[in-house]
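In my numbering, the protein residues as written are 5 to 379. Note that CB positions come from ideal geometry on N, CA and C, so glycine has one too. Report on the following structure.
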C-alpha cells in the first residue's frame, strides 16, 4: 500500500487505529472519524456526495455515538452505489481491498459493502482475543457451515481460521435460494436442500478431526435431530459457534445442558451493514439470556421504539439500530430487521451504546415479509 505521506495526504489520527481491547475516548474518536470521512482529501465519494443533503455538518455537529442518530439511514443506497465509491480517498490508490460482501437479500435486492484489509485485521484480532478469553482450542481444524460467496460471515470465518486454527473445512451454502423457495411456498424443497447440507456435514465430521464448528441455528437444530451427528459432535467438537439467525432461549439452554454439554456454545450477532458482529457475553449460563456486547465505538447498538425511534427502557423490547464507525467505513444509524431486549453494558466497561439480548426478527421489514431460512 502506498504511504499516505507519499501522496501528500493527511495521516489518519491515531485514535482511529487503536487495537482491540484498548479504551477509546468516545468524543475524540467520533470527532476524528467525522473529520476523516468528510474531508474532501480523505472522505469517500459516497459520503462527500451525501454531505450536501444532510442538513448539518458532521465535522461541526457530531461528537458522540448518540449524535449518529442525526444521520439519515442511507443503507438502501448500497443496493446500487458503485462499491469503490465507499472507499475513503485517504487510503490512496492502493487501499488494500479485503473483499466486497453483500447482505443476505432478506428484504429485497442485496446491499453491498467493501472490507478494507486493515478493518479485516482489526476484526480478526478482536475475535482472537475473545477466543482466547473463552479458552477455545487453537491450532485445530474448523468446520464452517455458513454462507460463502458474497456473504461476509463465511469469508470472515475462513480468513479467521488461517490465524486461529489449522485447516478450515467449509460447506457451500446458498441462503438466498432457501429463502426464495420458502417465500414461494415450497418448504419441501427447502427441507431437501437443508438435508443436502447436513449430509455434507456428516461426511466432514465423520472423516476429519473437527474441534470447532461454526453453524447457523436452523442447521444446528436439524443436526441435533440426527443421533449419529450428535454423537460425532460430542466425541470431537469442543466449541460450537452459532450465528446468522436467531436462537431462542429454550433451545440454547437445551443445547448447553443436554444435547452438547461437553462443548462450549456461544453466539455471534451482527450484520453486513456494520461490517462485523458482537460476540456473546462471557460467563453466561444456560439460564441466562444470551447477551451480546458490541465492540464499541466501532460497532454500536441502540434499542428503540419502532414508532418513535426513541430508546426504550433497559429490560424492554424494541428494534435494533446499528452503527459502524471506523477509519475504513462509516455506516451510521441503520434500523435493522431485528427486535431485541435493551441491556446495560457490563459494569465498569468502557462500552458506549447498548448491549442486546433475546434477538429475533421482525415479521415484516421494508414492506417485505422476513424469511430467515437457514441464515
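For residue i, three-class secondary structure by DSSP
| i | result |
| --- | --- |
| residue 158 | helix |
| residue 250 | coil |
| residue 327 | strand |
| residue 69 | coil |
| residue 10 | With a pLDDT of only 47 at residue 10, under 50, the local geometry of the prediction cannot be trusted, and the value read off the model is given with reservation. Looking at residue 10 - three-state DSSP - the assignment turns out to be helix. |
| residue 361 | strand |
| residue 116 | strand |
| residue 350 | coil |
| residue 140 | coil |
| residue 19 | helix |
| residue 256 | helix |
| residue 320 | coil |
| residue 313 | coil |
| residue 344 | strand |
| residue 367 | coil |
| residue 333 | coil |
Own chain partners of residue i with C-beta closer than 6 Å, once the 5 adjacent residues on each side are dropped
| i | result |
| --- | --- |
| residue 99 | 91, 120 |
| residue 20 | 36, 331 |
| residue 280 | 127, 274, 303 |
| residue 290 | 257, 260, 261 |
Spatial neighbours of residue i in its chain, beta-carbon cut-off 8 Å, leaving aside the 5 residues before and after
| i | result |
| --- | --- |
| residue 198 | 182, 222, 223, 226, 378 |
| residue 12 | In this predicted model, residue 12 has a pLDDT of only 46, less than 50, meaning its place in the structure is not dependable; the value taken from the coordinates is given anyway. Around residue 12: no qualifying Cβ. |
| residue 83 | 112, 113, 114, 115, 116 |
| residue 139 | 268 |
| residue 77 | 337, 338, 339 |
| residue 295 | 284, 285, 288, 347, 359, 360, 361 |
Minimum Cβ-Cβ distance from residue i to chain C less than 9 Å
| i | result |
| --- | --- |
| residue 96 | You won't find chain C in this structure, because it holds only one protein chain. |
Expected contact under 8 Å - CB spacing of residue i and residue j to nearest Å
| i | j | result |
| --- | --- | --- |
| residue 147 | residue 208 | 5 Å |
| residue 342 | residue 324 | 5 Å |
| residue 102 | residue 124 | 4 Å |
| residue 155 | residue 106 | 7 Å |
| residue 301 | residue 33 | 5 Å |
Cβ shell of residue i (< 7 Å), same chain only, five flanking positions each side left out
| i | result |
| --- | --- |
| residue 24 | 126, 129, 130, 133, 299 |
| residue 266 | 238 |
Using 8 Å as the Cβ pair cut-off and three pairs as the minimum, do the segment 24-43 and the segment 57-64 touch? These segments touch.
Run through the segment 258-308 for me and flag every whole beta strand (DSSP E) of 3 or more residues, listed as ranges in chain order. Counting only runs of 3 or more, we get 268-275, 280-284, 295-297, 303-308.
Which parts of the segment 164-249 are runs of the alpha helix (DSSP H), unbroken and 4 residues or longer, counting only runs that do not cross its ends? With a minimum length of 4 residues, the continuous alpha helix (DSSP H) runs that stay inside the segment 164-249 are 179-187, 191-211, 221-227, 231-240.
For the pair the segment 262-281 and the segment 232-251, tell me if three or more CB-CB distances fall below 8 Å. Taking 8 Å as the limit for Cβ pairs, the verdict is that the segment 232-251 does touch the segment 262-281.
Any chance you could list the alpha helix (DSSP H) runs of at least 4 consecutive residues sitting entirely within the segment 21-98, in chain order? Entirely contained in the segment 21-98, the alpha helix (DSSP H) runs reaching 4 residues are, in chain order, 30-42, 49-54, 62-65.
Could you tell me whether the segment 277-286 touches the segment 311-323, using the rule of 3 or more Cβ pairs below 8 Å? Taking a cut-off of 8 Å for Cβ pairs, the segment 277-286 and the segment 311-323 do not touch, as fewer than three such pairs fall below it.
Is it true that the segment 229-244 meets the segment 299-308, where meeting means three or more beta-carbon pairs spaced less than 8 Å apart? Verdict: no, contact absent.
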